[in-house]
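**Student:** A single structure is presented below for examination.
Residue numbers (UniProt numbering): 1 to 179.
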């Protein structure tokens, strides 16, 4: 019994000696007169590097690469929320930015009335002008409802005059083809 206890104690003491303790440094006092209220750096707390897992560190670094403040300048939804958007209320089938999600969510309304909802990646919003997710600073979400009519072009059939052939065969055309 004694060898087991001493082995366990030896392992615990060895582990405590090997691991590096996490040290939290106190934040330096800021001079209130020289406070830069426009700085984003003061809003982000400093986290010790060995405190976070590698995947969390990678995620935080990725967030720094998107300009702007998440949740303020652009929405940061992680799942498609239920909203009051319904395809049967739209005049045309097609692609529609969802205003309730600040254009991060968008819907595809099929010809038969079915609705499929999607979410743009964080930092992007659905551009109603070109029907793609684009960086938030390139999208005018407030204009989206006025651009819904662009969908009318998607399923419009060209008007064809059935009495007139689609191609008129001329002597010049025959010469171009066979000579």
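Beta carbons: idealized from backbone N, C-alpha and C, even for Gly.
Note that the structure is a prediction, hence the values are computed from the model and not measured.
Which value, in whole angstroms, describes the spacing of the CA atoms of residue 97 and residue 70?
**Tutor:** Each residue's Cα considered, the two are about 19 Å apart.
**Student:** Select from 95, 135, 158 and 111 the residue whose C-alpha is nearest the C-alpha of residue 85.
**Tutor:** Checked all of 95, 135, 158 and 111; the closest Cα to residue 85 is 95.
**Student:** With a 10 Å radius around its C-beta and 16 neighbouring C-beta atoms as the bar for buried, classify residue 139 as buried or exposed.
**Tutor:** Looking at its Cβ environment, which holds 16 or more other Cβ atoms inside 10 Å, residue 139 is buried.
**Student:** Taking only three categories from DSSP, how would you classify residue 56?
**Tutor:** Three-state result, residue 56: helix.
**Student:** Give the straight-line distance between the Cα atoms of residue 77 and residue 11, rounded to the nearest whole angstrom.
**Tutor:** The alpha-carbon atoms of residue 77 and residue 11 are separated by roughly 45 Å.
**Student:** So is residue 83 buried or exposed if we call it buried at 16+ other beta carbons inside 10 Å?
**Tutor:** Exposed is the call here.
**Student:** From residue 174 to residue 132, what does the alpha carbon distance come to, in whole angstroms?
**Tutor:** Taking the straight line from one Cα to the other gives about 44 Å.
**Student:** Return the chain-ordered list of same chain residues with a C-beta closer than 6 Å to the C-beta of residue 118, the five sequence neighbours on each side being excluded.
**Tutor:** So the list reads 106, once near-sequence residues are dropped.
**Student:** With distances taken from CA atoms, which of 67, 53 and 92 is nearest residue 154?
**Tutor:** Here the closest residue by C-alpha is 92.
**Student:** What does the Cβ neighbour count give for residue 170, buried or exposed, with the cut at 16 atoms within 10 Å?
**Tutor:** That one is exposed.
**Student:** Who does residue 116 pair with in a DSSP beta bridge?
**Tutor:** Answer by DSSP bridge pairing, in chain order: 108.
**Student:** How long is the line joining the alpha carbons of residue 141 and residue 123, rounded to whole angstroms?
**Tutor:** Distance between the alpha carbons of residue 141 and residue 123: 13 Å.
**Student:** Going by DSSP in three states, residue 127 sits in which element: helix, strand or coil?
**Tutor:** Strand, per DSSP.
**Student:** Applying the criterion that 16 or more other CB atoms from any shown protein chain within 10 Å of the CB defines a buried residue, is residue 51 buried or exposed?
**Tutor:** Residue 51 comes out exposed.
**Student:** Since residue 67 contacts residue 137 with CB under 8 Å, what's their CB separation in whole angstroms?
**Tutor:** So it is a contact: roughly 7 Å between Cβ atoms.
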